[in-house]
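In this note's numbering, the protein residues as written are 5 to 587.
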């Protein structure tokens, strides 16, 4: 479709207006611009209406996480960590809450502070109803404990989050902002279409003097940022400057950010204030989703410009599909999701989780016996688990891509032990070859040609001091291998396993050997694989895959073989640290 924007001159100022109709084709847009070239333009109507804008409610856990993401670029887990420290320092109230209520003490303190800072006209005491599905409201909203303290002595990130909470709390108890909204329509003689110009003037700032809530709308313009319109009267002639028709494409629904996902979980009634951050954190730690930036792809679009009486057409290029800080499902996440949907569809239903949360509330009120609730859920659930364990095949997300052009062997991609991979050889083939997918590749979109390229590795580059040097891609990315050593290739310096030269590989290997030599403190004749090294956290003993601590009071250079053996034994017998069990 084509969106048309016109710029008109009142004689004293320029007015930007958008055509009320979008055009489905370039030819339709061209016809309209041709008509504008010879048309006259007048202000057909102008309407001004008073309007108000209300402040947002004080923070709940969910809205704090969303706003800190928008305004401070904090992740959900970072927000909760900083809020926890502020709470422990006595700066804010409890940060896990679904309530928007403020105590009477807080309301009076807010009114006093607003009146003192901005004047009595800006103070307006109000209460808010929670919009959260199944809100328990066991705690007050998140607010400063001392509303007379507009700033605090703390770390930079603590100051920033406190400032956000402070301003939001005070703004929630301030008067509405008052605005005059104006809509002017500009006619095109001989055509039914009209251009529409919108503007507004803030007549009383109210809460906007202190705070404005952020938005997740990536394309939208906030109401308070619209331009003012110059004075115009109905019937006033307008001089056209330019009219531009720009091709626009439909967009897929936006991917979730951490903040917008929290908002959606709250809307669906899934989880509690205490679980939003941990839910998102676990998804990322288990590799089901990744949070990252992704570059868009160049896309051509058409632009028609009417200036004077001539329409000029040109092709421009834009970066389409660019994403910043979005959550993307991984191959493992997609496979796990498909498996669960196939075998546990009722549990993955959004309503199931919300209904269970609701039943927890009923149990908490003493209106439902928890044993009966668990029995009703657990018996069919266990039966489904047992049946799935017995009969379901291990999910791998396998996709057959085709056959090898030379051997005729089947080529497929699937999830393996170490993540997404390509495979040469089907189930009945004795000898199979495997290759890890590159960053950015997916088993959903991998082509046969891309899979074949993966098997061009490892590449033999040549020899260094009589020993073979190869380039390949492993679990942790591209590398070169020499004499049992693995040296990472540096993608940020242009290293590529498919094109890296022997000279570059030798350079990296020598740098690695030099770095390792600097880290080496001591080696023993009894066993050269046992070494005393300088590590990130200080000196330590390395024996194969086992690392042993060196007591602080002992000098690494003075360690004897016998003492090293004692420390290795202590390390072997030391209990492994596991997750704490909840009591």
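Beta carbons are placed, not taken as given, at the ideal position from N, Cα and C, and that holds for glycine. Note that the structure is a prediction, hence the values are computed from the model and not measured.
Counting only the same chain and skipping the five closest in sequence on each side, list residues whose C-beta sits under 8 Å from that of residue i.
i: residue 163; result: 155, 156
i: residue 576; result: 550
i: residue 586; result: With a pLDDT of only 40 at residue 586, under 50, the local geometry of the prediction cannot be trusted, and no value is derived from it.
i: residue 578; result: none
i: residue 554; result: 536, 542, 543, 544, 545, 560, 563, 571
i: residue 224; result: In this prediction, residue 224 has a pLDDT of 45, which is less than 50 and means its spatial position is unreliable; what the coordinates show is noted afterwards. Same-chain partners within the cutoff: there are none.
For residue i, which residues in the same chain have their Cβ closer than 6 Å to its Cβ, ignoring the five residues on either side in sequence?
i: residue 132; result: 61, 104
i: residue 421; result: none
i: residue 10; result: 21, 199, 247
i: residue 462; result: 474, 476
i: residue 23; result: 8, 197, 199
i: residue 57; result: 181
i: residue 30; result: 306
i: residue 318; result: 307
i: residue 438; result: 425, 427
i: residue 68; result: 146
i: residue 6; result: 27, 33, 249, 251
Among the options, which residue has its Cα nearest to the Cα of residue i?
i: residue 45; options: 238, 249, 375, 481; result: 238
i: residue 35; options: 68, 195, 51; result: 195
i: residue 330; options: 78, 25, 24, 32; result: 78
i: residue 2; options: 322, 342, 118, 318; result: Since the first and last residues shown for the chain are 5 and 587, residue 2 lies out of range.
i: residue 181; options: 208, 277, 443; result: 208
i: residue 54; options: 204, 110, 506; result: 204
i: residue 199; options: 147, 146, 50, 148; result: 50
i: residue 303; options: 317, 277, 252; result: 252
i: residue 356; options: 158, 274, 543; result: 274
i: residue 85; options: 281, 508, 497, 358; result: 281
i: residue 565; options: 555, 106, 545; result: 545
i: residue 442; options: 432, 460, 214; result: 460
i: residue 278; options: 347, 64, 245, 435; result: 64
i: residue 595; options: 318, 116, 257; result: The question about residue 595 has no answer here: the residues shown for the chain are numbered 5 through 587.
i: residue 112; options: 101, 151, 126; result: 151
i: residue 509; options: 235, 487, 125; result: 487
i: residue 416; options: 521, 440, 389, 511; result: 440
i: residue 89; options: 161, 556, 573, 33; result: 161
Since residue i and residue j are thought to touch, with beta carbons under 8 Å apart, how far apart are those beta carbons, to the nearest angstrom?
i: residue 249; j: residue 27; result: 7 Å
i: residue 190; j: residue 21; result: 5 Å
i: residue 206; j: residue 148; result: So it is not a contact: roughly 27 Å between Cβ atoms.
i: residue 233; j: residue 188; result: 6 Å
i: residue 547; j: residue 534; result: 5 Å
i: residue 297; j: residue 327; result: 6 Å
i: residue 588; j: residue 452; result: This structure does not reach residue 588, given that the chain is present from 5 up to 587, and the question cannot be answered.
i: residue 59; j: residue 175; result: 5 Å
i: residue 403; j: residue 447; result: 6 Å
i: residue 336; j: residue 423; result: 7 Å
i: residue 122; j: residue 213; result: 6 Å
i: residue 91; j: residue 210; result: At roughly 30 Å, the Cβ-Cβ gap does not stay under 8 Å, so residue 91 and residue 210 are not in contact.
Quick one: residues in its chain with C-beta nearer than 7 Å to the C-beta of residue i, no 5 flanking neighbours on either side, listed in chain order?
i: residue 483; result: 476, 490, 491, 492, 493
i: residue 367; result: 374, 377
i: residue 170; result: 148, 154
i: residue 372; result: 363, 366
i: residue 466; result: 473, 506
i: residue 334; result: 291, 292, 293, 294
i: residue 229; result: Any reading at residue 229 needs caution, since the residue's pLDDT is 42, under 50, leaving its predicted position unreliable; the model's value is listed next. Excluding positions up to five away in sequence, the list is empty.
i: residue 128; result: 177, 178, 179
i: residue 521; result: none
Segment contact, 8 Å Cβ cut-off, at least three pairs: the region 33 to 41 with the region 304 to 316: yes
Beta strand (DSSP E) segments (min. 3 residues) lying fully within the region 274 to 334: 293 to 298, 301 to 311, 314 to 324, 327 to 333
Cβ contact (3+ pairs, closer than 8 Å) linking the region 16 to 24 and the region 275 to 292: no
Contiguous beta strand (DSSP E) assignments of at least 3 residues, all confined to the region 379 to 461: 403 to 407, 414 to 420, 423 to 428, 437 to 440
The region 424 to 433 / the region 462 to 475 touching (three or more Cβ pairs under 8 Å): no
Three-pair Cβ contact test at 8 Å for the region 60 to 80 versus the region 254 to 273: yes
Touching by the beta-carbon criterion (3+ pairs, under 8 Å), the region 504 to 517 and the region 479 to 491: yes
Any 3 or more C-beta pairs closer than 8 Å across the region 556 to 565 and the region 530 to 544: yes
Stretch-stretch touch, CB-based, cutoff 8 Å, three pairs: the region 78 to 95 with the region 273 to 286: yes
Meets three-Cβ-pair contact criterion under 8 Å: the region 349 to 366 and the region 317 to 329: no
At least 3 beta-carbon pairs within less than 8 Å: the region 374 to 388 vs the region 401 to 418: no
Cβ contact (3+ pairs, closer than 8 Å) linking the region 334 to 345 and the region 394 to 401: yes
Complete runs of the alpha helix (DSSP H) confined to the region 50 to 124 [at least 4 residues]: 65 to 76, 80 to 92, 108 to 121
Length at least 4, wholly inside the region 548 to 585: the alpha helix (DSSP H) runs in chain order: 565 to 577
Unbroken stretches of the alpha helix (DSSP H), 4 residues or longer, contained in the region 141 to 193: 160 to 176
3 or more residues per run - each beta strand (DSSP E) lying fully within the region 455 to 506: 463 to 468, 471 to 478, 481 to 486, 489 to 492
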